[in-house]
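Undergrad: Going letter by letter, the sequence shown gives residues 1 to 1168 in full-length UniProt numbering. Ideal placement from N, C-alpha and C gives every residue a C-beta, glycine not left out. Mind looking over this structure? Questions follow.
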Amino acid sequence: MLQDFAQNARFVLSIGLLIFSPLLFVTQQAVANLSLSLSQAASQSQEAARQAYQEGQQLYEQGTAESLQQAIVKFEAALQLYRALGDRAQESEALSYLGIIYDTLGDKPRAIALYNESLSILQAAGDRSGEAVLLNNLGKVYSDLGQSSTALEFYNQALALARSTQQPELQVLVLDHLAQEYTQANEPQRAIAHYQQLLPLLQAAEDATQAALTLSKIAELYLKLGERQTALEYYQHGLELARSLSNPAWEMQFLNVLTAVALQLNNQSQALDYLTQHLQIARQIGDPMTEAILLNNLANLYRQMGEVPKALTVLQQILPQVESLNHPAAQAAIFNNIAQVYSELGDKQQAIPLFTQALSLAEGLGDRALETSIVQNLGLIYADLGDKQTALTYYEQALLIARETDSKASESLTLASIGAVYDALGERQKALDSYNQALDLARAIGDRANQAVILNNLAVVYYWLGEKQQSLDLLEQVLALRQKLGDKAGEATTLNNLGRAYSDFKEPQKALEFYDRALRLFQETGNKTGSAIALNNIGRIYASLSDFPKALAYYNQALPLSQDSEDQNGIAIALDNIASAYLDLGNPQTALEYYNRALPLRTRIGDRSGEARSRYGIAQAQRARGDLNAARENIESALQIIEDLRAKIGSQQLRTSYFATVQNYYQFYIDLLMQLHQNYPNRGYDAQALHANERAKARSLLEILTEANADIRQGIDPQLLERERNLQQQLNATEQSRLKLLEGQYQQRQLNELTQKIDALATELQRIEAQIRSTNPRYANLKYPQPLTVPQIQQQILEADTLLLAYHLGEERSYLWAVSKTGITSHLLPKRSEIEALAKDFYAQLLGGAEISNEVGGELSQILLSPVTEQLKNQRLLIVSEGALQYIPFAALPLPLDSTQPLLVQNEILSLPSASTLGLLRQELKDRPLAPKRLAIIADPVFQPSDSRLQDPLTPQDGILIASGPLQRSAFDVGVSFTRLGYSRVEAEQILSLVPPEQRTAAFDFDASRSAATNPELAEYQLIHFATHGLMNSVRPELSGVVFSLVNAQGEEQDGFLRLNDIFNLRLPAELVVLSACETGLGPEVRGEGLVSLTRGFMYAGAKRVVVSLWSVNDLETAELMQRYYQQMLQNNLSPVAALRAAQLEMWGTEEWKAPYYWAAFIIQGDW
C-alpha cells in the first residue's frame, strides 16, 4: 500500500506541473487548492514512511532471522519515502538501521556501504553527533572483519567527535570498543589505558554496574600481564561496587575470582577469607548447591594448606547436603574428594569404596574429566597398598581417557604416576621415560605444581641410580618452587629427600636438620606415611653415627605409622631397618626374624629392588649366625635381581652409576666365598670369588665394546640420531665456553649458568641415548658377554709366561688372586683403607721426582707382591686393580726381595680394567686385518692467537709462548691456558724418521686440528700418535679429551677439542694409539667400573691397545721416552708392551732419568 501511494503522489505532482506550468497567471483560489493538494499528499507520505520505519524497528527488535529480513523490507520502503520527501535526516536514520541489520546478518560489506552512505548525508548536514555514532559503527564492523588498524582509525575519529560534541554516553561506548580492540590485538597496556579513561565517565554517570564490569576487565588484563597484586586490587574495587548495588550474584562472582587470584599469589589466608565471605552469601540467599560447591572448595583449600583433618570435617558436612539435592555430578565430586582425604590420612581401605561410588556416578554422567581423576586416584591407592599391577591397570585406563579427551594436564599427571610405579618396581629406565614425558607436557601447559612433583620424583630416580649430585641439584630447585607455590605437603616430601641426599654426602647433621623439618610438616599435615619415612631416615642417620639404640627407637616409631596407613612398602622398609639395627647390635637371630617378615611384603608388592635389599640383609644375618651356605643362596638371589634390574636401564651412564650403588652386594659375596674357601679350600670357592670380582668390574666397558663391534647403531631413527648429534655439539660448545670463561676474570654467576646448562644438556643427552636403545630392536637382540670364569681366563687369555694378578679391596679385608695358565692361588690382604693410604703416599713420592723410599714403596710392595714372589719371575703381568691402586704404575714398585730395583726390571706389565675386557677384545679383533699403512702423527698444535707461527700474532702474554721452564702436557696443572709444547714437534719428527715416507702421515701446526684427528683416513694406519695436551674433566668424564689447534692460520678461534663423546664416534682400527699427553689414563673413579678415562673411548673406536699416562710429565721428558719407545718398536721390532718396558728400562738405567717420575707415568692398556 505504501509503495502504491508513493507512486500516485509522484503522478499527481507530475500532472499538476504539466497542466499548470504553461499558464502565466492563475487565480488565488487555484493556487490555494493546489497547495492544499500537495500538502495532503506529502503528509500522507510522511505518515507512511513513519509507519514503515516503526514497523521496521519492531521487527528488528524481535531479533530472529525471519524478522530481520522483514525489517529490511520495511526500512527499504521507509528509505524510498524519505528520499521522495527529501527528508535527508530520516534517510540517514533508515540507512543506519539497514546497516545495523546487515551487520547483524553477517553481510559486512553491505553494512559498510550503507553506513558510508548514511555518513555522507550526516557529514553534508554537519551533524557531528550522528557522524560520531556512524564512525563508531564502522569501527565495529571492521573489528569484526579482523581489520584492526582500520577499526582503530574509525574508533579514534568517533572518539574525537564524541568529545568535541560533549557526548559522554557515546564516549563510554567508543572507549569500551577501543579497549576491546586493543585487548584482541594483545596490547593489554593500551587496553587498560582506555578502560581507565572510561572509569571517570561511568562514575560521573553514576553507572555503578558498568563501572564494576570495567574494573573486572582491567583486573583481567593485569592478570594477563602477570601483575596479580594489581589485579587483586581492581577486583576488590569491583567487589565494593557490587556490594553498593546490593547484587549478591555479582558479589559472589567477584569473591570467586578474588579467591582464585589470592591463591595464585600464594596468600592462602586471604583466599580463605574471600571463600568464607562467599560461603556466607550463598547461605544468606539460600543457594544450597553453591554452598555445597564452596564447602568442597574450602575442603580443597584446607588440604592445600596442609590441614587435612579440617578438610575431612568440611567434606563430611557436605555429603548429606549433596545427597538431598539429587545432583549426581556434585555427589561424584564429593565422594572423590572425601576418598582422597581418607587416602591422605592413611585410611586406604575406607577410601576405595568411596572412589568406586564416585567412578560409577562419573561414568553414568559421561563426565570424562572427573572419571580420569577418580581412576588416577584408584591407581594411587593400589600403588600405596603395594598392588602395583592393579595400580598400573588403573593408570593405563586414566591415560587412555586423558588422550581421548586431549587433556594434557591429566595425561601429564598420569604419566608421572606411572613413573612412580615403575620406580617402586625397580624399573628405573621406564620410570625415567614416563617422568620425562610427563615433564614435557607439564612444561608445555605451564603446570608448575605438577612440574615440582615430577622433578622431585626424577631426583629420587637419579638418587637410586647413583647420580647423587644431579639428584641434589634437582631437589634444591624443587624445594624453592614448592615453597613459592605454598605447597606444604610437597615441601615436606622434598625436605625429606634433601635429607637423604645430604646423608649420602656424609653430612649427617645437615641431613638431620632437613629430616626434622620434614617430620614437623608431615605431622602438621597429618601425613602418617610421610612421618614414617622421615622417622626411618632419622634412624638411619643415628645408625651411621653408630648410635644403634637410638636408631632402633626411631624405626620402632615408624613401623606403627606405616601399619596405620596401610603402606606396605613403608612397613617393609621399617622391618628391614629394625632388622639392620639388631644386626648392628649383635643380635642376628632377631634381625633374621624381622628380615623374614619384610621379604614376603617385598615379594607381594613386586618391589624387586627392595627384595634384593631384604635378601642381602638375610644373607648378612645368616652369615653372622654361621650359616654360610644359606647366606650364599640369598646373596646370589639378590645379585640376580640386581643383574636383571641393571639390564633394564637404557642409559649406559645411568647403568654404570646404578651399578656403583650396589657394589657392597658384590663385596659381601666375594668375602663370603673367600670365607667358604678358607673353610673348604679344595672346593673352588676362591675361583668363584674371582669370577664374582670379574662380575663386579668394568661391566659397562664390556657392553659398549660389544656394541661397537656389532654395528648396533644401524637402523636407528634418523631424527633421534640428529638430536643426539645436536646435543653433543651443544654440550661441547658450552664446555668450550666454560673453559674460555675460566681463562680470564669472571663472575661466579656466569660460571654457574654455564655449569647448569652443561648439566641440563648432559641429562637430555642421557635421555636421548636411552630412547635410542629402547626403540632399536638391535639393542634388544644383542647378547652381551658374561664375565669370564677362571677356566675361561686360563683358556682364552693366559699363556705359559703370563700371570694375572687381580686385586679386590674390601672394607675389612682385601684379596689377591694370582692366576696362571694351570692354576690359581688366593691371598688375604689388609683392608682397603690401609692399602689405599700407602698407595696415595707412593703416588705422591712418584710425583715428587725423587727416588722411592723403601719405607713407602717397600711396604706397599710387600703387601701387593710378596705373597706371589715366587710366581712373578720372568712372567708377563696382567694387573687388574681397583681404587687407589689404579693410580700407581706397578712397574715402579720395588721388587719384594730387592728393593733397589723396580718390578720393571723383572716383568713386562699391562693394566686391564678386568680380565674379561681382554677376552672380549681378542674375540672381537681376532679376524681383523692389519691397516695398510704404518704411522700417523698429529703434534705441536697452535693453541693461542699469540703463537709466533701466525703471520700477525697478538702480543704475547706471560707463559703463552714456549717458555724456558718445564712444560706439562696437561690442562689439569696449568688451568685452561694451553701452552705450546715445543718438544712434541721434536718427538714427532724423530719418530717419523723411523718410517718410510709412503708409510706415514703427519699433521703439525695449524694442520694439527680436530678435523685431522677425525679424518676417516686415520683408519688406514696401524700406529696413531697424538702429541698434545690432555684435558680431564673429573665431574663429567665425557667432556675429557685431547686438545688440538684452537686457532686457524688466520688467527680465528676454532673448535680444537676432541672429547670422549667424540672419540666414541671415531673409527680407528689401530694396533696402537699413543696419547703422548699427560693424565690421559686418569678420570673419575666409579665403583664397579674403575677409572673412566679416554682409554675406553679409543678401545670403542677400535684400538687394540692404548698408551696413556697417570700424571703430568714435563714436555722434554715425555719426548725423550717416546723417542726411545718408537725406536724399540720400529727399529728393534719389539711388541708395543715389550717396547715400552725396554724404553723405560733405558731411562731407568741413566742417572738423569732414573727416578720413576720420568719413565713410569706411561702405561699400556689392552692386549700385548
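Apart from the five residues on each side of it in sequence, which residues of its chain come closer than 6 angstroms, Cβ to Cβ, to Ile960?
TA: Caution applies to Ile960, whose pLDDT of 32 falls short of 50 and renders its modelled position unreliable; the model cannot decide the point.
Undergrad: Tell me whether Glu851 sits in a helix, a strand or coil according to DSSP, three-state version.
TA: Residue state, collapsed to three classes: coil.
Undergrad: Restricting to Cα atoms, I'd like to know which of Arg228, His194, Asp176, Leu225 is closest to Gln210.
TA: Closest by alpha carbon: Asp176.
Undergrad: Thinking C-alpha only, which one of His237, Tyr422, Ile758, Thr900 is nearest Pro1156?
TA: Checking every option, the nearest Cα to that of Pro1156 belongs to Thr900.
Undergrad: Could you tell me which whole beta strand (DSSP E) segments of length 3 or greater appear in the segment 803-831?
TA: You should have 814-819, 824-829.
Undergrad: Once you ignore the five residues that flank Pro932 on each side, which residues in its own chain have a CB closer than 8 angstroms to its CB?
TA: These residues qualify, in order along the chain: Glu1020.
Undergrad: Start and end of the alpha helix (DSSP H) containing Tyr1021?
TA: Here Tyr1021 belongs to no alpha helix (DSSP H); instead the beta strand (DSSP E) covers 1021-1027.
Undergrad: Would the segment 752-764 and the segment 1016-1031 be scored as touching if the rule is three or more Cβ pairs under 8 angstroms?
TA: Cβ pair count under 8 angstroms is below three, so no.
Undergrad: Tell me, please, which residues DSSP counts as bridged to Glu507.
TA: Looking at the DSSP assignment, Glu507 forms no beta bridge with any residue, so it has no partner.
Undergrad: Taking the C-alpha atoms as reference points, what is the distance between Lys488 and Leu521?
TA: C-alpha separation (whole angstroms): 7 angstroms.
Undergrad: Name the two residues that bound the continuous alpha helix (DSSP H) containing Ala936.
TA: Ala936 -> not in any alpha helix (DSSP H); beta strand (DSSP E) instead, spanning 933-941.
Undergrad: Who does Arg1105 pair with in a DSSP beta bridge?
TA: Arg1105 pairs with Gly1166.
Undergrad: Do you know how far the Cα of Ser609 is from the Cα of Pro508?
TA: C-alpha separation (whole angstroms): 25 angstroms.
Undergrad: Which residues in the same chain as Lys430 place their Cβ atom closer than 7 angstroms to its Cβ, once the five residues preceding and following it in sequence are excluded?
TA: Excluding positions up to five away in sequence, the list reads Tyr422.
Undergrad: Specify, as a first and last residue, the run of the alpha helix (DSSP H) that Ile670 falls within.
TA: Per DSSP, Ile670 belongs to the alpha helix (DSSP H) from 663-679.
Undergrad: On the premise that Leu992 lies in contact with Ile937, defined as a C-beta separation below 8 angstroms, what is that separation, rounded to the nearest angstrom?
TA: Sure, about 6 angstroms apart at Cβ, within 8 angstroms.
Undergrad: Expressed to the nearest angstrom, what Euclidean distance is found between the alpha-carbon atoms of Ile352 and Glu307?
TA: If you take the alpha carbons of Ile352 and Glu307, they lie about 22 angstroms apart.
Undergrad: Just reading off the alpha helix (DSSP H) that Val341 is part of, what are its end residues?
TA: Start and end: 328-344.
Undergrad: Do Leu178 and Leu201 have their CB atoms nearer than 8 angstroms?
TA: Contact: no.
Undergrad: In the DSSP assignment, the alpha helix (DSSP H) including Val986 goes from what residue to what residue?
TA: 982-992 is the span of the alpha helix (DSSP H), which, as asked, contains Val986.
Undergrad: So, are the CB atoms of Leu872 and Leu864 less than 8 angstroms apart?
TA: Not in contact: Leu872 and Leu864 (Cβ atoms no closer than 8 angstroms).
Undergrad: Under 8 angstroms: do the segment 485-504 and the segment 684-693 share three or more Cβ pairs, one atom per stretch?
TA: Result no; under three Cβ-Cβ pairs closer than 8 angstroms.
Undergrad: On the DSSP bridge assignment, give the partners of Arg1000 in chain order.
TA: For Arg1000, which the question treats as bridged, DSSP gives the partners Leu935.
Undergrad: What do you get for Gly848, buried or exposed, if any count of 16 or more other CB atoms within 10 angstroms of its CB means buried?
TA: Flag for Gly848 reads exposed.
Undergrad: Check whether the Cβ atoms of Ala402 and Thr372 sit closer than 8 angstroms, and answer yes or no.
TA: In contact: Ala402 and Thr372 (Cβ atoms closer than 8 angstroms).
Undergrad: For Gln28, which residues of its own chain have a beta-carbon under 6 angstroms away from its beta-carbon, when the five flanking residues on both sides are left out?
TA: A caution first: Gln28 carries a pLDDT of 43, below 50, which makes its placement in the model too unreliable to give a value.
Undergrad: Among the residues of its own chain, which have a CB less than 6 angstroms from the CB of Asp841, if the five just before and after it don't count?
TA: The residues are Val856.
Undergrad: Could you pull out every unbroken alpha helix (DSSP H) segment of at least 4 residues lying fully inside the segment 748-795, listed in chain order?
TA: Complete alpha helix (DSSP H) runs here, min 4: 748-775, 777-781.
Undergrad: Among Asp644, Leu1039, Tyr669, which has the Cα closest to the Cα of Ala630?
TA: The residue with the shortest Cα to Cα distance from Ala630 is Tyr669.
Undergrad: When we look at the beta-carbon of Arg324 and count the other beta-carbons within 10 Å, is it buried (16 or more) or exposed?
TA: Here residue 324 turns out to be Ser, not Arg, going by the sequence shown. The residue in question, Ser324, is exposed, as its Cβ has fewer than 16 Cβ neighbours within 10 Å.
Undergrad: Can you name, in chain order, every residue of its own chain whose Cβ lies under 7 angstroms from the Cβ of Ile112, other than the five neighbours on each side?
TA: Within the same chain, Ile112 has close Cβ partners Leu138, Val141.
Undergrad: Confirm, please, whether the CB-CB distance from Thr734 to Leu765 is below 8 angstroms.
TA: It is not a contact, given that the beta carbons lie outside the stated cut-off.
Undergrad: Once DSSP output is grouped into helix, strand and coil, what is the label at Thr276?
TA: Here Thr276 sits in helix by DSSP.
Undergrad: Assign Gly63 to one of three DSSP states: helix, strand, or coil.
TA: Here Gly63 sits in coil by DSSP.
Undergrad: Is the beta carbon of Val880 closer than 8 angstroms to that of Ala818?
TA: Cβ distance not < 8 angstroms, so Ala818 and Val880 don't count as in contact.
Undergrad: What's the call for Thr313, buried or exposed, on a 16-neighbour Cβ count within 10 Å?
TA: By the 10 Å Cβ count, Thr313 comes out exposed.
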